[in-house]
Structure formats: structure tokens, C-alpha cells
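Numbering (my numbering), first residue to last: 8 to 244.
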Amino acid sequence: MNSDLKTWDAGALDYLTEASEENDVFKREVDTPAFVNMLGDVKNKSVLDIGCGNGDFVKKISKLTTKVVGLDGSPKMIEAARKNFPEGNFIVCDLMGEKIPLSDDSVDIVTSKMMLMNVESVRKVGEKVFEVLKNDGLYAIDVVHPFRPVLKNLQNSSRYNKSLNYFKETSGTIEFNGKKYSYYYRSTSQYVDETIDSGFKLLQMDELGIDENLVKKYPVLLSKLNSPISLHLLFQK
Numbered sequence: 008m009n010s011d012l013k014t015w016d017a018g019a020l021d022y023l024t025e026a027s028e029e030n031d032v033f034k035r036e037v038d039t040p041a042f043v044n045m046l047g048d049v050k051n052k053s054v055l056d057i058g059c060g061n062g063d064f065v066k067k068i069s070k071l072t073t074k075v076v077g078l079d080g081s082p083k084m085i086e087a088a089r090k091n092f093p094e095g096n097f098i099v100c101d102l103m104g105e106k107i108p109l110s111d112d113s114v115d116i117v118t119s120k121m122m123l124m125n126v127e128s129v130r131k132v133g134e135k136v137f138e139v140l141k142n143d144g145l146y147a148i149d150v151v152h153p154f155r156p157v158l159k160n161l162q163n164s165s166r167y168n169k170s171l172n173y174f175k176e177t178s179g180t181i182e183f184n185g186k187k188y189s190y191y192y193r194s195t196s197q198y199v200d201e202t203i204d205s206g207f208k209l210l211q212m213d214e215l216g217i218d219e220n221l222v223k224k225y226p227v228l229l230s231k232l233n234s235p236i237s238l239h240l241l242f243q244k
């Protein structure tokens with residue numbers, strides 16, 4: 008297990024307690040619905056969710072198609088996923104050091120939801136995803152909006168690293184429940200360029216945030232109004 012994975016595996020339960028979709032209004036009401044919509048019709052298509060965490064997204068997408076596999080490098084995350092969704096198909100795989108244990112050209116859609124900020128190489132993940140995707144298959148990425156840590160820094164947040172340079176990749180940490188986890192600060196162009204370099208073409212890019220309607224429903228979100236929260240990217244093999 009690589010050093011980045013060790014931090015996530017060690018603090019898996021703390022992270023899931025704070026960052027689960029159940030406890031995150033934006034993920035639940037904005038981010039995940041938009042991400043699913045970006046995938047189009049997934050009926051009868053095979054889906055691989057990399058960085059599946061506790062299996063929430065695998066559980067959700069399994070309502071739309073029965074051919075779903077969840078993958079994570081953290082054994083504790085996979086343990087949580089199997090408890091959360093016993094009917095699911097989950098595998099442990101370190102994408103930085105192991106080949107995805109599926110046949111080449113066998114998957115219709117690969118999803119990566121809130122995972123790529125936590126791995127050392129976007130390009131390396133892309134290359135491994137490219138191998139298992141069918142021709143014309145889709146690779147959908149959901150990450151924390153790359154400008155958000157910089158914005159939070161300007162707003163004196165304690166969660167993200169200080170003194171960030173948006174245009175320079177920085178290896179740092181992010182904090183949940185008092186514990187620090189590996190986190191890589193990258194620009195939007197780096198996510199796009201490294202994925203294209205691994206063989207893909209970009210089809211769609213969406214920037215998501217919190218609007219006034221959501222603030223009216225959840226006033227606690229006022230401080231996040233009109234600021235970027237997440238970035239969705241859709242690529243094709």
C-alpha cells in the first residue's frame with residue numbers, strides 16, 4: 008500500500024463520518040445528481056467506480072444498471088462498502104501500483120468520484136482506466152473544484168494548506184475530524200491535460216456550485232453562495 012493510501016486507510020471511518028453523502032447537502036442535492044445525469048443512459052452498461060469509498064455511489068448507480076463494480080485501494084473503505092451495500096461487487100486495488108483486475112476493453116463507463124485529488128498521478132490512473140474501457144467508452148471524473156482550496160485559503164479556512172499556488176501542483180494534506188489525509192492541489196488544466204495525455208478526448212466540462220435556491224432551503228450554505236465547489240469532466244476513449 009502506497010503512503011497516500013495509508014493515510015486514507017488509517018482514517019477511513021473518520022473521513023466517512025464527516026464526508027459521506029448523507030451528511031453533505033451539496034453532494035446529495037447538486038453534485039451527485041448532476042454527475043449521474045452526465046453519464047447519460049447507463050441501462051445494461053457495465054460501470055466501474057474507482058475510489059468507491061463506502062460504496063454510496065455504487066449503490067446508487069446499481070439502481071440504474073446491474074453491472075457495477077466498486078474499486079478502492081483502501082481495505083477499510085472496501086470493508087465499509089461491503090457493509091453498506093452487501094449486494095455490491097467490490098475489489099481492492101492500488102491504482103498507483105497495480106493493474107485493474109478486469110479484462111481489457113471490457114467496461115462501458117468508468118467513474119471517479121472525489122478521488123483524483125488524493126492520488127499522486129492523474130495520468131497513471133487514466134492509463135489504467137484506458138486499458139479496461141471499451142472503444143468509445145466513457146471516463147467521468149468528479150473532483151473538488153481546483154480553485155476552491157485557493158478560495159478557502161483566502162477566506163482563512165483551516166482545512167486546506169496555506170500559501171497555495173493555483174498554477175503549481177502541490178502535494179499536501181486535507182483535514183477531516185482532526186486527522187490529516189494526503190491531498191494533491193492541481194489546476195483544472197492539469198486534470199484535463201494529464202487525462203488527454205493518457206489517451207482520452209474531452210467531451211464535457213461542468214463547474215458546479217451553490218445557488219440561491221439551495222441557500223433558501225439550507226441557509227447554513229450562505230457562505231458558499233456563488234463559489235465553485237466541484238468540477239465534472241467527461242472523457243471518451
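Note that the Cβ used here is the ideal one computed from N, Cα and C, for glycine as well.
Just how far apart, CA to CA, sit residue i and residue j?
i: A88; j: E138; result: 25 Å
i: G62; j: G77; result: 7 Å
i: H1; j: N96; result: Summary: the structure shown does not reach residue 1, with the chain confined to residues 8 through 244, and so no result is reported for it.
i: D101; j: T72; result: 25 Å
i: Y188; j: G58; result: 15 Å
i: G60; j: M84; result: 5 Å
i: E94; j: T39; result: 21 Å
i: D115; j: L109; result: 12 Å
i: L241; j: A147; result: 5 Å
i: V222; j: R35; result: 14 Å
i: V32; j: N220; result: 13 Å
i: F154; j: V49; result: 31 Å
i: S230; j: M8; result: 38 Å
i: E105; j: P226; result: 44 Å
i: S196; j: G144; result: 22 Å
i: S178; j: Y190; result: 6 Å
i: S194; j: N51; result: 35 Å
i: K13; j: N172; result: 26 Å
i: V126; j: H239; result: 17 Å
i: L228; j: E28; result: 16 Å
i: D23; j: A41; result: This sequence places Leu at residue 23; Asp is not what is there. Rounded to the nearest angstrom, the two C-alpha atoms are 21 Å apart.
i: K131; j: I107; result: 12 Å
i: G185; j: S10; result: 19 Å
i: D56; j: V136; result: 10 Å
i: A17; j: V129; result: 23 Å
i: S234; j: D79; result: 30 Å
i: E86; j: L232; result: 36 Å
i: S205; j: V37; result: 29 Å
Below 8 Å between beta carbons: does that hold for residue i and residue j?
i: V99; j: L123; result: no
i: S69; j: V75; result: yes
i: K244; j: L140; result: yes
i: V54; j: T118; result: yes
i: I236; j: I217; result: yes
i: K66; j: N30; result: no
i: G133; j: E176; result: no
i: D111; j: N142; result: no
i: K120; j: F183; result: no
Per DSSP, residue i is paired with what?
i: L78; result: I57, I98
i: K120; result: D149
i: L241; result: A147, Q211
i: V114; result: L140
List the endpoints of the continuous beta strand (DSSP E) containing residue i.
i: P40; result: That residue, P40, is in no beta strand (DSSP E); its alpha helix (DSSP H) goes 39-46.
i: G216; result: 208-216
i: S234; result: Note, S234: premise wrong, no beta strand (DSSP E); not H, not E.
i: Y190; result: 186-192
Could you tell me the boundaries of the alpha helix (DSSP H) in which residue i lies?
i: S128; result: Segment: none, S128 is in no alpha helix (DSSP H) and carries neither H nor E.
i: F64; result: 63-68
i: N220; result: 219-224
i: E201; result: 195-204
i: K13; result: 10-17
Cβ contact (3+ pairs, closer than 8 Å) linking the region 211-227 and the region 34-48: yes
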